[in-house]
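Before any comments, here is the structure.
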Amino acid sequence: MGLADFWSSVTVLLMFGNIFIKASEYDFDVFPVDKCPQSKQDWEMRSNVRKCNSTHGYHCVPNKHLTSLIEFCYPGGVKIPFESGNCLELAARGILNQVPCKMTFSNGCPETFFFSPELYRYCLKVKQRSKQTQVQKILLERI
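The sequence shown lines up with residues -25 to -1, 1 to 118 when you count with mature numbering (1 follows the signal peptide of the UniProt record, and there is no 0).
Laid out in structure tokens, this is it:
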């Protein structure tokens, strides 16, 4: 292998390495979706499709940038409690953060304490920000 071939190989490895790093923002697998389930039956169906279980509960929330929706089996459990007035985002490495609903979501703010399997009732539409790209706006309209 010549020097040019060596550097070509290094360049390809670096490119794929960056793709892998970018794809693994979280410590577990997440899957983009156009919209989250909007009924208990749909929530349970998606949970079955993703093969979630009693230790890794199904969740569907916005990503940490609030630009798209993702679904995943959360290793933190099935029935996680959340305070009224808050919605969720999946933050760095895979932590479910509570965010003030009225600042982030345009409707569906929970008025009472709730558990994560009830998310299909709340927090389904993220507010658009004024400086978003066209792609981000399109993604948010799909919610």
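Cβ coordinates follow ideal geometry from the N, Cα and C atoms, glycine included. All values derive from a computational prediction rather than experimental measurement.
Residue range of the alpha helix (DSSP H) that includes residue i
i: Val24; result: Lys15 to Val24
i: Cys76; result: Cys76 to Thr79
Inter-residue CB distance, residue i and residue j (contact presumed, cutoff 8 Å)
i: Leu44; j: Pro7; result: 7 Å
i: Glu86; j: Ser59; result: 6 Å
i: Arg21; j: Glu46; result: 6 Å
Cβ-based neighbour list, residue i, same chain, cut-off 8 Å, excluding 5 preceding and 5 following
i: Leu71; result: His34, Val36, Tyr49, Gly51, Ile55, Leu63, Glu64, Leu65 and Ser91
i: Lys26; result: Cys48
Start and end residues, beta strand (DSSP E) containing residue i
i: Gly32; result: Gly32 to Pro37
i: Phe47; result: Leu44 to Tyr49
i: Leu65; result: Asn61 to Leu65
i: residue 149; result: This structure leaves residue 149 out entirely; the chain is present only between -25 and 118.
Buried versus exposed, by CB contacts within 10 Å (16 or more), residue i
i: Thr30; result: exposed
i: Val5; result: buried
Residues of its chain near residue i, where Cβ-Cβ distance is below 6 Å and the 5 sequence neighbours each way are ignored
i: Gly32; result: Tyr49, Gly52 and Val53
i: Thr98; result: Note that residue 98 is Cys in the sequence shown, not Thr. Cβ within range, chain order: Cys62, Phe80 and Gly83.
Cβ-based neighbour list, residue i, same chain, cut-off 7 Å, excluding 5 preceding and 5 following
i: Thr79; result: Leu41, Cys62, Val101 and Lys102
Please determine if the segment 91 to 98 and the segment 50 to 57 are in contact, where contact requires at least 3 C-beta pairs separated by less than 8 Å. yes
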